[in-house]
Each structure stands twice: as structure tokens, then as C-alpha cells.
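The sequence shown begins at 1 in UniProt numbering and counts up one residue at a time.
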Amino acid sequence: MSEQRVLEMSQGENSLGKVEIAPEVIEVIAGIAASEVEGVSQMRGSFAAGVVERLGKKNHGKGVRVELADEGIKVDVYCMMKFGLSIPNVAQKIQDNIRQALLNMTALEAAEVNIHVVGIQFETQKPENEVEEDL
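In C-alpha cells form, the structure reads like this:
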């Protein structure tokens, strides 16, 4: 079996015990924080995650990969952006939102938050009802 890495948090001298945070928790926090940013159309996940989501289970960690390295926490976010917006500005907002959410919810600082734009979502207009004319 593979060893599951968790983050242990130090709470100072008045600690009642230890607090461990699983990487999946960080994935969920980062996924929700990225989805909240205006300009992100959707997060990218695997085919299996898409099937599970269609069956009714929401995967909030979709499109996020967390690596626990010696340098710190590395977060990779894979998302699609909406057409017509500045990709660098939206990516910066995603990075800021993820860093702030992690800091507020876990008191952890991410060493890196890498944004991978994997596609652009175009606005699809619904076709107007076409009336067939009898000739």
C-alpha cells in the first residue's frame, strides 16, 4: 500500500493534540476558490470524474492537483476560461483567491499556485426557433 501523506500543523504550546490535513482537503478548497473567480467557465477533470458528476455527485477537487514537496505546498489548477477576458488577469485572480482561501481555512501558505489554461469557452447562443415555410 502507498503511504498517505498528510500535513501536520503546529499549534504552539497550548495544543490539545495534533491537526492533520489531507491533500484532498486542500484540493477541494482550491477547486472551490478557483471556481468562484469570474472568468473561469469550468474546471478540467478526468473522464471518470465527469461521469460521476453527471450521476449527481459533485467533485469539488476536479481540475486541481496538490503536491506536498519539501519546499511547501504546490497547487496545479487546470481550468477553462471564458472567451473575451484577459487570461493573465483572471489567472492572477485565481492565484490570489486560492492563496487567501488556503490561508483563511488552513493557516497554510502555498509555495506555488500554477494555473494551466486548457481551453477557452465560447458563448453559445441558442438558435431561435426556425419556422418552416410550406412552399
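Cβ coordinates follow ideal geometry from the N, Cα and C atoms, glycine included.
- Here LYS18 is exposed. Its C-beta has fewer than 16 other C-beta atoms within 10 Å.
- Boundaries of the alpha helix (DSSP H) around VAL90: 87-106.
- When DSSP states are grouped into helix, strand and coil, GLU27 belongs to the helix group.
- When only Cα atoms are considered, ARG65 and LYS82 end up about 22 Å apart.
- Linking GLN42 to ASP96 through their CA atoms gives a straight-line distance of about 18 Å.
- Spanning the alpha carbons of ASN89 and ASN114 requires a straight line of approximately 14 Å.
- Taking the Cβ atoms as the reference, LEU102 lies roughly 7 Å from ILE26, within the contact range of under 8 Å.
- Inter-residue distance for SER35 and ASP70 is about 28 Å (C-alpha atoms, whole angstroms).
- The beta carbon of VAL40 sits closer than 8 Å to the beta carbons of ALA34, CYS79, MET80, MET81, LYS82, VAL90, ILE94 from its chain, once the five residues preceding and following it are set aside; these are given in chain order.
- In the DSSP assignment, VAL37 falls outside any beta strand (DSSP E), carrying neither H nor E.
- Spanning the alpha carbons of GLY72 and ALA111 requires a straight line of approximately 5 Å.
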